[in-house]
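Each residue of the sequence shown is one higher than the last, beginning at 4 in the numbering used here. We treat Cβ as the ideally placed atom computed from N, Cα and C, and that holds for glycine. Data block below; observations after.
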Amino acid sequence: RTKILVNVANPNTVFRYAYLPVDGVGLAREEFIINNYIKIHPLALLHFEDIKELYNRLKEAGLVDPKGWVQFRAIYAFANGKLKEKLALGKDNRRINLKRLIEDIEDLTFGYEDKITYYVKKLSYGVAKIAAAFYPNPVIVRFSDFKSNEYANLIGGQLFEPEEENPMLGFRGASRYYSKIFREAFGMEVQAMLRVRNKMGLKNAIVMIPFCRTPEEGKKVLEVMKEYGLEKGKDDLQVYVMAELPSNVFLADKYAEVFDGFSIGSNDLTQLTLGLDRDSGLVAYLYDERNPAVKRAIEHIIKTAKKYGRKVGICGQAPSDFPDFAAWLVEQGIDTISINPDAVLKTIKTIVEKEKELGIQ
Numbered sequence: 004r005t006k007i008l009v010n011v012a013n014p015n016t017v018f019r020y021a022y023l024p025v026d027g028v029g030l031a032r033e034e035f036i037i038n039n040y041i042k043i044h045p046l047a048l049l050h051f052e053d054i055k056e057l058y059n060r061l062k063e064a065g066l067v068d069p070k071g072w073v074q075f076r077a078i079y080a081f082a083n084g085k086l087k088e089k090l091a092l093g094k095d096n097r098r099i100n101l102k103r104l105i106e107d108i109e110d111l112t113f114g115y116e117d118k119i120t121y122y123v124k125k126l127s128y129g130v131a132k133i134a135a136a137f138y139p140n141p142v143i144v145r146f147s148d149f150k151s152n153e154y155a156n157l158i159g160g161q162l163f164e165p166e167e168e169n170p171m172l173g174f175r176g177a178s179r180y181y182s183k184i185f186r187e188a189f190g191m192e193v194q195a196m197l198r199v200r201n202k203m204g205l206k207n208a209i210v211m212i213p214f215c216r217t218p219e220e221g222k223k224v225l226e227v228m229k230e231y232g233l234e235k236g237k238d239d240l241q242v243y244v245m246a247e248l249p250s251n252v253f254l255a256d257k258y259a260e261v262f263d264g265f266s267i268g269s270n271d272l273t274q275l276t277l278g279l280d281r282d283s284g285l286v287a288y289l290y291d292e293r294n295p296a297v298k299r300a301i302e303h304i305i306k307t308a309k310k311y312g313r314k315v316g317i318c319g320q321a322p323s324d325f326p327d328f329a330a331w332l333v334e335q336g337i338d339t340i341s342i343n344p345d346a347v348l349k350t351i352k353t354i355v356e357k358e359k360e361l362g363i364q
């Protein structure tokens with residue numbers, strides 16, 4: 004039978020959703036926790052002392068105005084070491100208020116032994132609330148999937164995030180995690196998950212890697228996770244991949260060799276299969292998860308997952324919006340459907356009716 008899971012983001016609301024008749028969480032988004040609990044770009048925390056030292060040298064050189072504003076071209080000229088390697092380039096004529104940035108970080112992290120501890124504890128606390136609310140049912144936690152323009156909105160983010168022409172297809176997901184620039188930042192996410200599972204005992208937490216462009220990328224991310232103490236298969240840790248790219252469809256058999264399961268992200272899969280930007284008013288009318296091309300892609304992922312004995316579910320918007328789509332997924336034999344809390348009851352009704360029609364008890 005197809006199990007119903009729920010999509011969640013805000014740890015402060017999860018306990019009310021835990022009373023819903025669901026079998027766990029199909030998508031727990033780290034982005035809400037980072038945005039609202041942490042608020043600071045991870046690289047700004049990792050390089051906080053470097054930023055302070057840079058600010059002091061810029062002040063001595065008379066390159067900081069009375070309110071703390073600094074030109075990026077001055078930052079590029081004076082930065083050194085690891086900080087210089089990770090700065091976003093191409094912003095020569097822009098300014099940033101380093102004085103305010105430093106003050107904000109010091110205020111938010113006050114009382115924590117160091118900046119890494121702040122990030123790890125805040126993130127693990129948010130994830131743990133979600134995992135605890137639904138324990139012992141599975142909770143699939145997606146590692147951060149901010150795009151560069153979204154990361155730039157965090158405190159200190161402007162220092163480290165490039166201005167990309169199309170962030171939707173840029174530096175995001177798996178490609179960040181093993182990169183020289185972001186590897187240590189991802190390491191803090193891994194440490195947070197390690198704390199949730201091992202220190203807090205919430206081993207119902209499953210981790211998921213988004214926007215994984217190739218199976219080789221998946222292997223690289225698993226290697227980084229292992230370096231930071233989180234190893235697939237150890238202590239029953241399962242690692243899933245978001246199936247949201249055409250490459251995830253065409254190479255589903257190869258991804259099945261790397262990961263324990265698939266979670267179909269129908270939102271990105273639809274726009275990338277149909278070659279459109281769902282945020283563009285000119286072509287948004289063509290965006291439809293029920294398009295035959297999208298359904299054929301989803302069908303292939305489900306069949307491949309079944310063939311290789313991997314779990315497969317969906318966590319996109321479509322089953323919440325279209326009961327007929329949810330019924331079609333049941334026909335395909337999908338293991339889980341994860342939906343928004345307000346759509347749980349109507350979707351359960353749809354699934355029960357379809358399973359009765361199919362003779363599934």
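Rounded to the nearest angstrom, the gap between the Cα atoms of Gly159 and Ala21 is 35 Å. For Glu292, the CB contacts under 6 Å within the same chain, skipping 5 residues up- and downstream, are Ser269, Thr273 and Ala321 in chain order.
Cβ-Cβ distances below 7 Å link Lys87 to nothing in the same chain once the five nearest sequence neighbours on each side are left out. Take the alpha-carbon of Asn207 and the one of Gln241: they are about 9 Å apart.
The beta carbon of Tyr311 sits closer than 6 Å to those of Ala259, all from its chain and outside the five residues before and after it, given in chain order.
Contact check between the stretch 90-101 and the stretch 134-144: fewer than three CB pairs, one atom from each, fall below 8 Å, which does not count as touching. Under the rule that a run must span 3 or more residues, the beta strand (DSSP E) segments found entirely inside the stretch 125-180 read 142-145. Taking a contact to require three or more Cβ pairs closer than 8 Å, the stretch 30-48 and the stretch 62-81 do not qualify as touching. Where Phe253 is concerned, there is no enclosing beta strand (DSSP E), although the alpha helix (DSSP H) around it starts and stops at Pro249 to Phe253.
With respect to the 7 Å criterion, Met191 and Val123 are classified as neighbours on the basis of their beta carbons.
For Tyr311, there is no enclosing alpha helix (DSSP H), as DSSP marks it with neither H nor E. Lys6 is bridged by DSSP to Thr339. Going by DSSP, Tyr115 is part of no beta strand (DSSP E) at all; its letter is neither H nor E. The alpha-carbon separation between Gly176 and Ile119 amounts to approximately 21 Å.
Pairing Pro213 with Met171 gives a Cβ-Cβ distance that is not under 7 Å. CA-to-CA, the gap between Ala136 and Asn152 works out to about 32 Å.
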